[in-house]
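Trainee: Sharing a structure with you now.
There are 2 protein chains.
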Amino acid sequence: MQMAGESIAQSIGLRERKKEKTRTTIVEVALRLFAENGYQQTTIAQIAEAADVSPRTVSTYFPAKEAIVFDISFASKERLADRIRARPDDQDTMGALRDWVLDERKVWNQNEQQLTCQRQVIDGDNGLIAYERAQLREFEVLMAEGLAVDLGMEPGDLEPRMAAAAAVAVAVFDLLGDERDSTKAEIPSRADQLRILDQALTFVTGGVSAMREARNTAAS
Amino acid sequence: MQMAGESIAQSIGLRERKKEKTRTTIVEVALRLFAENGYQQTTIAQIAEAADVSPRTVSTYFPAKEAIVFDISFASKERLADRIRARPDDQDTMGALRDWVLDERKVWNQNEQQLTCQRQVIDGDNGLIAYERAQLREFEVLMAEGLAVDLGMEPGDLEPRMAAAAAVAVAVFDLLGDERDSTKAEIPSRADQLRILDQALTFVTGGVSAMREARNTAAS
DNA sequence: TGCATTAGTGCAGTAAATGCAGGTTTTGAT
DNA sequence: ATCAAAACCTGCATTTACTGCACTAATGCA
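Same order as they appear, the protein sequences are chains A and B.
Residue numbers for the first sequence follow our numbering, so the first one is 13 and each next one is one higher.
Residue numbers for the second sequence follow our numbering, so the first one is 13 and each next one is one higher.
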């Protein structure tokens, strides 16, 4: 497959570079058109024309119109998955999440304009909101798997799943900016992000230990 | 609008009854076809033919193909919304959730077969999973609003949102049967459901009080 | 019974997405 | 430098979901 995001790769052939170029062009143009004229109102044909490619090309690059909108966040999300799955033995899942946030700040700040645009477009269409939620679900499962290991439980148990849901509910929106006000959706300061992560951790550990206590009480 | 689910309504005219009849027929037939031949493989035209209506009629009844799949759960979810929003002063949000579950058991048991079929169909298609998640999001917002009132906070604050996410993560799947195994997706016993709700409550209150403690400690 | 309402239908049209085949560019080995 | 293979882009045709519009027939009501 393609699997972009190689900043290491300097000279991986003209073909690859061109391909990447068309891809980013399509995304840029599409996001702009979506923001200007609305997601539903913008057709693939319009995007193709504005990006100077054929409509067929747009469809070959992106399996669905929605995928164009989320292309810029795929790489970042992929890195979180890697971080959680391949985390060192001395690091727990919430720690992996924390490290990921701190590392991604750079990328987020670079693409802040596009991310703001993306946020605006997503919030304006129910289909896109649904699509985003489906992606967050994958996160939740991922987090639940990690947390299950941390807690010595199964990924299907209640604790890891509730903890994962709580963490994801906070993480993905608050760490990228205020969900409720698309206009001032700027990346919070490093300190604010750490504070939010700490609060999430507090909540999760509080919930988990409360359940442990309840279990012990019942067993005695 | 339509707003089905009136078991009280005995004689609301022939026209209404016919309309409701066609609606349920379409849903029944469609769910069966989806389960047999797959969601994507089944076309609107096939559903229409099997339900003995015109394709145009199917589209007028349901704004999107996905809506056919979720039609049977709309009423139930609507009732939860009402319950949370119109709950008496002496009842908190988790209590409203609990009452809703206990009340809906009857409906769920009646429609168990269809619900099982629905579960199977949803789990087999990513688009449907996304659609479902989007609906759960509405729940989360609803729960967050209720919990915010309970806690004397704003619906946008971290606690109510994390608590709502945790509650919803557990509620909607575990209360209707094992998410992980579509085949044995039967409604759990009343006792099991209450146990699950208690655990969710334990987690949520544990998380909330942990955050309160942390705040107090920091303030001192 | 007669009349207003509305459910259901047929038709035409738009837009997304896919398969296929042909033409062009890039690549890599000789 | 040349040439063959691979990969990319494209146009074309097709399927499918969905919508607007006009029309018919059934229903509700006075």
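Backbone N, C-alpha and C define an ideal beta-carbon position, used for all residues, glycine too.
1) Are there 16 or more other CB atoms within 10 angstroms of the CB of Ser-201 (chain B), so buried, or fewer, so exposed?
2) Against chain B, does Gln-211 (chain A) count as a neighbour if the rule is that its beta carbon must be under 8 Å from one of theirs?
3) The alpha helix (DSSP H) that contains Ala-98 (chain B), what's its start and end?
4) Out of B:Ser-85, B:Ser-232, B:Asp-111 and B:Ile-134, state which residue places its alpha-carbon closest to the alpha-carbon of Phe-46 (chain B).
5) Sorry if obvious, but does the Cβ on Leu-188 (chain A) come closer than 7 Å to a heavy atom of the ligand GDP?
6) Would a check of beta-carbon distances place Phe-151 (chain B) closer than 8 Å to chain A?
7) Would Thr-229 (chain A) be called buried (16 or more neighbouring beta carbons within 10 Å of its own) or exposed?
8) Report yes if the C-beta distance between Thr-105 (chain A) and Asp-162 (chain A) is below 8 Å; otherwise report no.
9) What does the Cβ neighbour count give for Leu-26 (chain B), buried or exposed, with the cut at 16 atoms within 10 Å?
10) Can you grab the Cα-Cα spacing for the pair Lys-33 (chain A) / Tyr-73 (chain A), in whole Å?
11) Assuming contact is defined by CB atoms lying nearer than 8 Å, are Gln-122 (chain B) and Leu-43 (chain B) in contact in what I supplied?
12) Whole angstroms is fine: what's the gap from Thr-55 (chain B)'s alpha carbon to Gln-211 (chain A)'s?
13) Give the residues of chain A in contact with Ser-221 (chain B), contact being defined as C-beta atoms less than 7 Å apart.
14) Spell out whether any CB of chain B is found under 8 Å from the CB atom of Arg-207 (chain A).
15) At 7 Å on the CB atoms, spell out the chain B contacts of Thr-214 (chain A), in chain order.
16) Go through the stretch 173 to 232 of chain A residue by residue and report every complete run of the alpha helix (DSSP H) that reaches 4 residues or more, in order.
17) Measure from the alpha carbon of Ile-96 (chain A) to the alpha carbon of each residue in A:Val-153, A:Leu-209, A:Lys-31 and A:Glu-61, then state which is nearest.
18) For Ser-71 (chain A), does the count of other Cβ atoms within 10 angstroms reach 16, so buried, or fall short, so exposed?
19) Taking the straight line between their C-alpha atoms, what separation do you get for Asp-94 (chain B) and Asp-137 (chain B)?
20) If you scan the stretch 32 to 72 of chain B from start to end, which runs of the beta strand (DSSP E) of 3 or more residues do you find wholly inside it?
21) Does the distance from the CB of Ala-146 (chain A) to the CB of Ala-177 (chain B) come in under 8 Å?
22) Rounding to the nearest angstrom, what Cα-Cα distance links Ile-208 (chain B) and Leu-148 (chain A) in this structure?
23) Give me, in chain order, the residues of the same chain whose beta-carbon lies closer than 6 Å to that of Pro-167 (chain A); leave out the 5 immediate sequence neighbours on both sides.
24) Using the C-alpha atoms, what's the distance from Glu-40 (chain B) back to Glu-225 (chain B)?
25) Could you tell me whether the Cβ of Leu-170 (chain B) comes closer than 8 Å to any Cβ of chain A?
26) Using only the alpha-carbon positions, how far apart do Phe-82 (chain A) and Gln-132 (chain A) sit?
27) Taking beta-carbon pairs under 8 Å, can you tell me which members of the stretch 142 to 166 of chain B lie near chain A?
28) Determine the direct distance from the alpha carbon of Leu-140 (chain A) to that of Lys-77 (chain B), and round the result to whole angstroms.
29) Using a C-beta cutoff of 8 Å, does Arg-110 (chain A) count as contacting chain B?
30) Express the C-alpha separation of Val-119 (chain A) and Met-13 (chain A) in angstroms, rounding to a whole number.
Mentor: Taking the geometry as given:
1) exposed
2) yes
3) From DSSP, Ala-98 (chain B) is part of no alpha helix (DSSP H); its letter is neither H nor E.
4) B:Ile-134
5) Ligands displayed in this structure: none; no statement on the ligand GDP is therefore possible.
6) no
7) exposed
8) yes
9) exposed
10) 12 Å
11) no
12) 48 Å
13) Gly-218
14) no
15) Ala-222, Met-223 and Ala-226
16) 202 to 231
17) A:Val-153
18) exposed
19) 30 Å
20) none
21) no
22) 24 Å
23) Ala-156, Glu-157 and Ala-160
24) 52 Å
25) yes
26) 12 Å
27) Ala-142, Tyr-143, Arg-145, Ala-146, Leu-148, Arg-149 and Glu-152
28) 17 Å
29) no
30) Low confidence applies here, because Met-13 (chain A) scores a pLDDT of 35, under 50, leaving its location unreliable; read the following figure in that light. Approximately 23 Å, taken between the alpha carbons.
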